[in-house]
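**Student:** Take a look at the following structure, please.
Protein chains: 2
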Amino acid sequence: MLIVFTGNGKGKTTAALGCAIRSLGHSKRVLMIQFIKSGEISGEQKFLKKFQSASWRSKFQIIPAGKGFVKILGDKLSFSVHKKAAQDALKLAQKSILGKKWDLIILDEINVAVNLKLIKARDVLKIVKSAYADIILTGRSAPKIFIQKADLVTEMQEIKHPFKKGQMAKKGIEF
Amino acid sequence: MLIVFTGNGKGKTTAALGCAIRSLGHSKRVLMIQFIKSGEISGEQKFLKKFQSASWRSKFQIIPAGKGFVKILGDKLSFSVHKKAAQDALKLAQKSILGKKWDLIILDEINVAVNLKLIKARDVLKIVKSAYADIILTGRSAPKIFIQKADLVTEMQEIKHPFKKGQMAKKGIEF
Numbered sequence: 068m069l070i071v072f073t074g075n076g077k078g079k080t081t082a083a084l085g086c087a088i089r090s091l092g093h094s095k096r097v098l099m100i101q102f103i104k105s106g107e108i109s110g111e112q113k114f115l116k117k118f119q120s121a122s123w124r125s126k127f128q129i130i131p132a133g134k135g136f137v138k139i140l141g142d143k144l145s146f147s148v149h150k151k152a153a154q155d156a157l158k159l160a161q162k163s164i165l166g167k168k169w170d171l172i173i174l175d176e177i178n179v180a181v182n183l184k185l186i187k188a189r190d191v192l193k194i195v196k197s198a199y200a201d202i203i204l205t206g207r208s209a210p211k212i213f214i215q216k217a218d219l220v221t222e223m224q225e226i227k228h229p230f231k232k233g234q235m236a237k238k239g240i241e242f
Numbered sequence: 068m069l070i071v072f073t074g075n076g077k078g079k080t081t082a083a084l085g086c087a088i089r090s091l092g093h094s095k096r097v098l099m100i101q102f103i104k105s106g107e108i109s110g111e112q113k114f115l116k117k118f119q120s121a122s123w124r125s126k127f128q129i130i131p132a133g134k135g136f137v138k139i140l141g142d143k144l145s146f147s148v149h150k151k152a153a154q155d156a157l158k159l160a161q162k163s164i165l166g167k168k169w170d171l172i173i174l175d176e177i178n179v180a181v182n183l184k185l186i187k188a189r190d191v192l193k194i195v196k197s198a199y200a201d202i203i204l205t206g207r208s209a210p211k212i213f214i215q216k217a218d219l220v221t222e223m224q225e226i227k228h229p230f231k232k233g234q235m236a237k238k239g240i241e242f
């Protein structure tokens, strides 16, 4: 099953995380590869560090494979560095799909990586189309071809966001 | 902060669950009160049963306070039974907010409970408006007044759903 969470609203990666939790509940194994995030500051990574016991370390992994935001928020890396990271993340996705260890693979912010031309939509589809695992693709402005090929697509549409009123991103909610 | 996840698409409760995970990562305490769900079959409840260790049992709780789907899928309970359950769930929400133990309180499917006239929108607002905790209200067709009063609103819009092609709800993704 190919799932796309897209749109400009809050809730895409968070919904994928929710699917991860449910899948774990149903004894499935979940891998999340993050195409943009790099660091360790996100709540989901902190959650794993804090609470993940040996018994379920092999069942849920989050791999931050990106190099951070591209071209915004003080990004000083060259485009080729970001591109290399995204290409490597895609290779990891391919390997993970072929390995058949995981029941759910979340390719987080991969839509953004495609839009930034770090990777190609058709390369992504080639990799995910024959996947044994369920695949979730997240990120705003999903390529049309992803939406055409997906089984389930939700657009998270922003109706209201406190950023617009000048509030800062909130811990636990936004990251 | 008052957050609403609404719309007809997949991802409302799941996004709230994702926020729960992130909040736990940031050392916050999370309570989810489910206004419609009753049983133990959902992935999130199974997740807690399986993996929650004593060290974080006091940090994350999910309370299924509903009586199951109302008027559909073989529901044989009288309206008053559902109403009593929703009213009790709202009382629990009030108590939990006043107790100030929780940093994030998710009132799951509460929008649906209001639409079914099990509880009143204005009673919900009275309770959440002075909350110390962040509050997330989920469920399709959120009452307009919730959207007006909220700080952050995302509409999860269904673009494509496999139910429409006759597929059954999928474990880990849908529940």
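From first to last, the protein sequence lines stand for chains A and B. Numbers in our numbering are just positions in the first sequence, counted from 1, shifted up by 67. Numbers in our numbering are just positions in the second sequence, counted from 1, shifted up by 67. Just so you know, even glycine gets a beta-carbon here, dropped at the ideal spot from N, CA and C. These numbers were taken from a predicted model, which means no experiment stands behind them.
Out of curiosity, what's the CA-to-CA distance linking Val195 (chain A) and Ala121 (chain B)?
**Tutor:** 38 Å
**Student:** Could you tell me if Ser109 (chain A) is buried or exposed, where buried requires 16 or more neighbouring beta carbons within 10 angstroms of its beta carbon?
**Tutor:** buried
**Student:** Give the straight-line distance between the Cα atoms of Thr80 (chain A) and Glu176 (chain B), rounded to the nearest whole angstrom.
**Tutor:** 20 Å
**Student:** When the cut-off is 8 Å and only beta carbons count, does Arg89 (chain B) lie next to chain A?
**Tutor:** yes
**Student:** Along the region 152-168 of chain A, what residues have a CB closer than 8 Å to any CB found in chain B?
**Tutor:** none
**Student:** Am I right that Gly85 (chain B) and Ala217 (chain A) are in contact with their C-beta atoms under 8 Å? What's the rounded C-beta distance?
**Tutor:** That pair is no contact at about 19 Å.
**Student:** In whole angstroms, what is the alpha-carbon distance linking Asn75 (chain B) and Leu165 (chain B)?
**Tutor:** 32 Å
**Student:** For Glu225 (chain A), which of helix, strand or coil comes out of DSSP?
**Tutor:** strand
**Student:** Out of A:Gln154, A:Ile129, A:Lys134, A:Leu91, which has the shortest C-alpha to C-alpha gap to Ile186 (chain A)?
**Tutor:** A:Gln154
**Student:** Taking Phe102 (chain B) as the reference, which of B:Lys151, B:Gly92, B:Lys116, B:Ile139 has the closest Cα?
**Tutor:** B:Lys151
**Student:** Assuming Leu54 (chain A) contacts Trp123 (chain A) under a Cβ cut-off of 8 Å, what Cβ separation, rounded to an integer in Å, is found between them?
**Tutor:** An answer regarding residue 54 (chain A) cannot be provided, because it is not within the stretch 68 to 242 covered by chain A.
**Student:** Between the C-alpha atoms of Leu204 (chain A) and Lys211 (chain B), what's the straight-line distance to the nearest angstrom?
**Tutor:** Cα to Cα, Leu204 (chain A) sits roughly 31 Å from Lys211 (chain B).
**Student:** Among all the DSSP beta bridges, which residues are the ones paired with Phe127 (chain B)?
**Tutor:** B:Val97
**Student:** To the nearest angstrom, report how far apart Thr73 (chain A) and Val179 (chain B) are at their CA atoms.
**Tutor:** Cα to Cα, the separation comes out at about 24 Å.
**Student:** Rounded C-beta distance between Gln157 (chain B) and Asp190 (chain B)? I'm assuming under 8 Å.
**Tutor:** Residue identity check: residue 157 (chain B) is Leu in the sequence provided, not Gln. With a Cβ gap of about 6 Å, Leu157 (chain B) and Asp190 (chain B) count as contacting.
**Student:** Have a look at Asp77 (chain B) and Arg207 (chain B) and give me their C-alpha separation to the nearest angstrom.
**Tutor:** Before going on, a small fix: residue 77 (chain B) reads as Lys here, not Asp. The straight-line gap from Cα to Cα measures roughly 10 Å.
**Student:** With a threshold of 7 Å on Cβ separation, who are the neighbours of Thr221 (chain A) within its own chain once the five nearest residues in sequence on each side are excluded?
**Tutor:** Phe72
**Student:** In whole angstroms, what separates the C-alpha of Gln112 (chain A) from that of Lys237 (chain A)?
**Tutor:** 16 Å
**Student:** Using alpha carbons as the reference points, say which of A:Gly135, A:Lys117, A:Ser125, A:His93 lies closest to Ser105 (chain A).
**Tutor:** A:Gly135
**Student:** For Gln215 (chain A), which option in A:Pro229, A:Ala188, A:Ser94 has the closest C-alpha, if you only look at C-alpha atoms?
**Tutor:** Answer by Cα proximity: A:Ala188.
**Student:** Should Glu225 (chain B) be flagged as near chain A, meaning a C-beta pair shorter than 8 Å?
**Tutor:** For Glu225 (chain B), a Cβ of chain A is located within less than 8 Å of the residue's own Cβ.
**Student:** Helix, strand or coil for Asp201 (chain A) per DSSP?
**Tutor:** strand
**Student:** According to DSSP, simplified to helix, strand and coil, what is Leu183 (chain B)?
**Tutor:** coil
**Student:** Note the first and the last residue of the continuous alpha helix (DSSP H) segment covering Asp218 (chain A).
**Tutor:** Per DSSP, Asp218 (chain A) belongs to no alpha helix (DSSP H) and is neither H nor E.
**Student:** Would you please state the rounded distance, in angstroms, between the beta carbons of Lys70 (chain A) and Leu219 (chain A)? I believe it to be under 8 Å.
**Tutor:** In the sequence as presented, Lys is not what sits at residue 70 (chain A); that position holds Ile. Their Cβ separation, rounded to whole angstroms, is 5 Å, which keeps Ile70 (chain A) and Leu219 (chain A) in contact under 8 Å.
**Student:** Compare the beta carbon distance of Lys168 (chain A) and Arg96 (chain A) with 8 Å and say whether it is the shorter of the two.
**Tutor:** yes
**Student:** Looking at chain A, is there any beta carbon in it that lies within less than 8 Å of the beta carbon of Asp175 (chain B)?
**Tutor:** no
**Student:** Using the DSSP secondary-structure output, state which residues sit across from Thr73 (chain B) in a beta bridge.
**Tutor:** B:Glu222, per the DSSP bridge assignment.
**Student:** According to DSSP, which residues form a beta bridge with Leu115 (chain A)?
**Tutor:** DSSP output for Leu115 (chain A) lists no bridge partner at all.
**Student:** What first and last residue would you give for the beta strand (DSSP E) that runs through Ile172 (chain B)?
**Tutor:** 171-175
**Student:** According to the Cβ coordinates, are Ile130 (chain A) and Leu159 (chain A) closer than 8 Å?
**Tutor:** yes
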